Amino acid sequence: MKNWFSAWYRRYVQGIRRLLYLWVRTQVSGVEHVTSAQTAGPVCYVLERKALSSLAVLSEECSRAGLPQPLAALHIGSHEERRAWCYLWPRQRIRSVPRKPLRNAYLGRLLNQPPADAAVQMVPVTIVWGRAPERPESFFRRITSDAWGVAGRFRRLVMILVHGRQTLVHFGEPLPLRTTAAREAESVEIELVTRLRRHFRNVRAGIVGPDLSHRRTLFDAILSAPGVRRAVAEGARQEAGSEAAAERQAWKYIDEIASDFSWPVFQSLYVIIEWFWTRLYRGIETHNVDRVKQLVADYSPVYVPCHRSHSDYLLSSFVLYNEGLQSPYKAAGINMNMPLIGPLLRRAGAFYLRRSFRDNPLYGAVFNEYVHQLFSRGFPVEYYVEGGRSRTGRTLPPRPGMLAMTVRSFLRDHDRSLVFIPIYAGYEKIIEEKTYLGELRGKQKKKESPLDVLRMVTNLRGQFGKVYLNVGEPIFLADFLDTVEPTWRSLGEGVGDRPQWLNEAVSRLARLVVTRINEAVVVNGINLAAVALLSKPRQAMEEDELLAHMALYVRLLRKVPYGNSVILPARDSTRLLKDVEGLGLLDRIEHPMGDILRLSGDNSVLMTYYRNNVMHLFVLPAMIGAAFRLHHEVEESALIELCVGFYPYLQTELFLRWPLEDVPGQVRAWIAAFEEEGLLTRVGGTLARPRRGSRASYRLSLFAGTVQETLQRFYVVVVVLGHAGERGVTTDGLVERCQLVAQRLSALYGFNAPEFFDKNLFRGFIETLLELGVIRRSERDRLYFDGSAEEALRYGDLVLEDELRENVERVARAHP
């Protein structure tokens, strides 16, 4: 009788499957978890709730993926269960009150079986009908959304009809279930049920986001927070006003800051964004997004992308939503809160912050509390640690403000762990190229306005290539804090307290974040062509030589990988170069002896942007090339010493991933790769460049061009500070003089890279010199050499031509 009923029930579910899939369309993730679970033991699926529609979807997706069927029998040793699935919650009617999961008879039978050879692999399966977060005040959303409410048969039917074509199926990581003694079965079952409840809650939050409370409720929670109450009282005291007035001001600040997410607005924007990408770009290439999917069940994600373009605001939301993840709440500068556009972005999840609020304690308290409320309620959040967009293509020095708020919020409440998700966003061609070109040449940054944005979008013409998004290696905040302050859990933090170790911890975290972003770089044809062409004085190469150089770069990067997250192009250099030409960034000069490709006009400056995207990958081989630019033979030990000596300055500017003690090993790896390619030869401990005039010698010399401008800036700082003598110079004064000398050198030598005289890069060099003790700062904020000038100058003598060094000396001496 049982076998007859099981066969009939399987046919019944199969009939429901066929009926459902006339309408339903699914997006599936986590299949690899079931595939790996099969090798460890028999698989049993766990659904969140008992529902025939969910079972039918599970059965269909298992058939499509070739996974064990939930309706098949489950064998545990000599025991057999008629089905390989169970549910956590019982079926509930639409009016019923949610109850705790009942003691599960199915789990009880599994637990009370004699010990088997392999543990049953309990695979949780989350099925979500539609993506709309639920607002309590909306009856329609209550009926149609599968966010957090209880769904009876009628409501589930409505959800399938409304959202069936946006159904998400997620297979979670398996939980092994071993049979146990009867006296322990109850406690094991309670522990398993607790873990499953947490898993389903976290996965659902990662897909649709947490419950959206009414905005007024959030406002009240912020205003009643102790830190905000203290700031209100202090503001009333300082301004000699009433607390009611200060509270009204705090309310205005919250209204200025807070997002007001609207699902219909987000859906409408999604359609517009999809049109935007397909109109301008050839597609979005994504990598390692599964890293996020594996984490959202147990961690609250904090997305920290690089910031290269206004398109970044759209890119991550678009990709994450397409991958079945909740679009994060985004921190945006107050400059983006412009008429029309600002309210639209606010309803798509943006919240706004002022550039600086150090002198406004009330605003700071309100903003800190708002951020804490987001994290404590489980919202995914995204912000740019660089602060603003990079106009040079480099990863900018991090601004730790938002990171500090995140860490302080976590110290207050770390029940749910936070994980930072570094994201690299790369473009074959940026839409702001004309704007960036003007700013690179010194034009003042213009304040954004709706008309400017509209004008820019409507004036876009042609194709902009592909867009690349790569998820870097995650940073688990709890693990990071363990390395900085092992006792952080016991210390805790009051609302207004700042532990003494916090600033150092946030500074280290900020550098780690941008370093991980750099590790996730995606290399494309534009980057490779830019590295090669900008290494030539006249920025022109024969086509076959350019193709050979691009292929050489990829081979070397495969031989000496920068990191596990770097993505290299899969296509050959001929197809890559064709794409570059198609974007209008190269000029082709046809010639019977072979075509020549060159950069001219504005493209010479723009290509520095794309070279800078990947410059950190080539800096060590470029240092090797620079050493052989002036010398035919170099001792290996001297070459390693040179790279180690320069490394701290290069690391500061380019956020390189290796600690100083690992640099010799990396240099040796690059030397070995150069030897394999015939770019260097070895006689004992001495390395020699190929014969001058040979193709191998020419290729080696091109590597030096990648790092020459950086070495020249270093030399300018050392020489200018050296000429300041005993009287010293202020930091601002040194930066100003270095910029003037660099501008003059740029005019003399035709350097077509505006960042060559960027004040921020000089300032970074100076801070590194201070950290290393090469220079010191007096009580009057004047800088002096600390007896190490000769050593610093010696490094410059090894890699820079006599003429350039003499010009730097002459200009610095003539204009002290």
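Its first residue numbered 45, the sequence shown is counted upward by one per residue in the numbering used here.
All C-beta atoms in this analysis are idealised placements derived from N, C-alpha and C, irrespective of residue type, glycine included.
Nothing here was measured: the structure is a model prediction, and the numbers come from that model.
DSSP places Ile684 in the helix class (H, G or I) of the three-state scheme.
In the DSSP assignment, His331 falls within the unbroken beta strand (DSSP E) covering Ile328 to His331. Where Tyr365 is concerned, the enclosing alpha helix (DSSP H) starts and stops at Asp356 to Asn366. Membership of Glu125 in the beta strand (DSSP E) is indicated by the continuous run His123 to Glu125. A distance below 9 Å separates the beta carbons of Val528 and Ala549.
By the Cβ test, the region 388-404 is in contact with the region 293-307, since at least three Cβ pairs between them sit closer than 8 Å. Collapsing the DSSP output to three states places Gly85 in coil. Under the DSSP definition of a beta bridge, Thr170 partners with His214. By the C-beta density criterion, Ser80 is exposed, having fewer than 16 other C-beta atoms within 10 angstroms. The alpha-carbon separation between Pro708 and Val688 amounts to approximately 7 Å.
Using a Cβ distance threshold of 9 Å, Val276 and Leu262 do not count as a contacting pair.
For Asn647, the three-state secondary structure derived from DSSP is helix. In this structure, the beta-carbon distance from Asn647 to Leu629 falls below 9 Å.
Nearest Cα to Arg93 within the set Leu64, Leu406, Cys130 and Tyr693: Cys130. Contact between the region 466-482 and the region 346-362 is present: three or more C-beta pairs spanning the two stretches fall below 8 Å. Excluding its 5 nearest sequence neighbours in each direction, Arg390 has C-beta neighbours in its own chain below 7 Å: Ser303 and Asp304, listed in chain order.
Residue state for Val511 is assigned as strand, using DSSP reduced to three classes. Counting the other CB atoms within 10 Å of its CB gives Glu124 a total below 16, which places it among the exposed residues. For Tyr407, the uninterrupted alpha helix (DSSP H) segment begins and ends at Pro405 to Ser420.
For Cys130, the enclosing beta strand (DSSP E) stretches over residues Trp129 to Trp133. In the pairwise beta carbon analysis, the region 770-787 is classified as touching the region 800-816: at least three pairs are separated by under 8 Å. Membership of Asp631 in the beta strand (DSSP E) is indicated by the continuous run Asp631 to Ile633. Apart from the 5 residues on each side of it in sequence, Pro444 sits with its Cβ closer than 7 Å to the Cβ of Val550, Ser551 and Ala554 in its chain, given in chain order.
Ranked by Cα distance from Ser371, the first of Arg273, Ala682, Glu770 and Ala249 is Ala249. Apart from sequence neighbours up to five positions away, the residues of its chain that approach Ile378 with a beta-carbon distance below 6 Å are Tyr396 and Arg398, ordered along the chain. Selection Ala856, Asp706 and Leu572 evaluated against Val779 yields Ala856 as nearest (Cα-Cα). Excluding sequence positions up to five before and after Trp532, its CB lies within less than 6 Å of the CB of Leu525, all in the same chain and listed in chain order. Beta-bridge pairing by DSSP links Ser344 to Leu462.
In the structure shown, Arg733 falls within a coil segment according to DSSP collapsed to helix, strand and coil. Inter-segment contact for the region 314-329 and the region 441-460 is absent: fewer than three beta-carbon pairs are separated by less than 8 Å. About 7 Å separates the CB atoms of Ile251 and Leu369; that is less than 8 Å, so the two are in contact. A buried status is given to His207, since no fewer than 16 other beta-carbon atoms sit within 10 Å of its beta-carbon. Residue burial is scored here from C-beta neighbours: Met659 has at least 16 other C-beta atoms within 10 angstroms and is therefore classed as buried. The residues Leu91 and Ile171, in chain order, have a CB closer than 6 Å to that of Ser98 in the same chain once the five nearest residues on each side in sequence are set aside. Counting the other CB atoms within 10 Å of its CB gives Thr450 a total of 16 or more, which places it among the buried residues.
Within the same chain, and ignoring the five residues on either side of Phe401 in sequence, the residues whose Cβ sits closer than 6 Å to its Cβ are Tyr407 and Gly408.
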